[in-house]
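> Below: one structure in structure tokens.
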Amino acid sequence: MALSDKALSVFAFAAYHQLESGQKVSRVVRRDGAGHRADPEAVAELEQAGLIEATPDALVLRPQAEAMVETGITALRRALAGA
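Residue numbers (the UniProt record's numbering): 1 to 83.
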């Protein structure tokens, strides 16, 4: 499944929080109060792909999206293992 960079940034945000907290992330906030927000086009794209459920406050990752976050983290670890 090809996703835009804006849509991928939602996964990067989820991966960051999962790596930082050490806990599985199943939702991310739409606006963090510090000026960061999920791009509306990315939200629409991910909703249309069936990867998230958007609420006014959060983007809830569906199981396939949660698996994609895990895959991304694994790929990042592998890519940097020899660095």
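Backbone N, C-alpha and C fix where the C-beta goes; we use that ideal spot for every residue, glycine too.
Might you give, ordered along the chain, the residues of its own chain that have their beta carbon closer than 8 angstroms to the beta carbon of E53, omitting 5 neighbours on each side?
As a first step, residue 53 is located in the sequence shown; it is residue number 53 there, counting from the start. The answer, listed in chain order, is E47, L59, V60 and R62.
> Looking only at C-alpha atoms, which of D39, V29 and K24 sits nearest to I73?
Here residue 73 is taken as the residue at index 73 of the sequence shown, counted from 1. It is K24.
> Determine the burial state of residue 93: buried for a count of at least 16 other Cβ atoms within 10 Å of its Cβ, exposed for fewer.
Lying outside 1 to 83, the shown extent of the chain, residue 93 is not represented and no answer is given.
> Can you give the beta carbon distance from residue 87 to V10, rounded, assuming they're within the 8 angstroms contact cut?
Look at the range of the chain in this structure, 1 to 83, and you will see that residue 87 is not part of it.
> Taking the Cβ atom as the reference point for each residue, do A7 and E45 lie within a distance shorter than 8 angstroms?
What you label residue 7 is simply residue 7 of the sequence shown in a count that begins at 1. What you label residue 45 is simply residue 45 of the sequence shown in a count that begins at 1. Yes, the Cβ-Cβ distance between A7 and E45 is below 8 angstroms.
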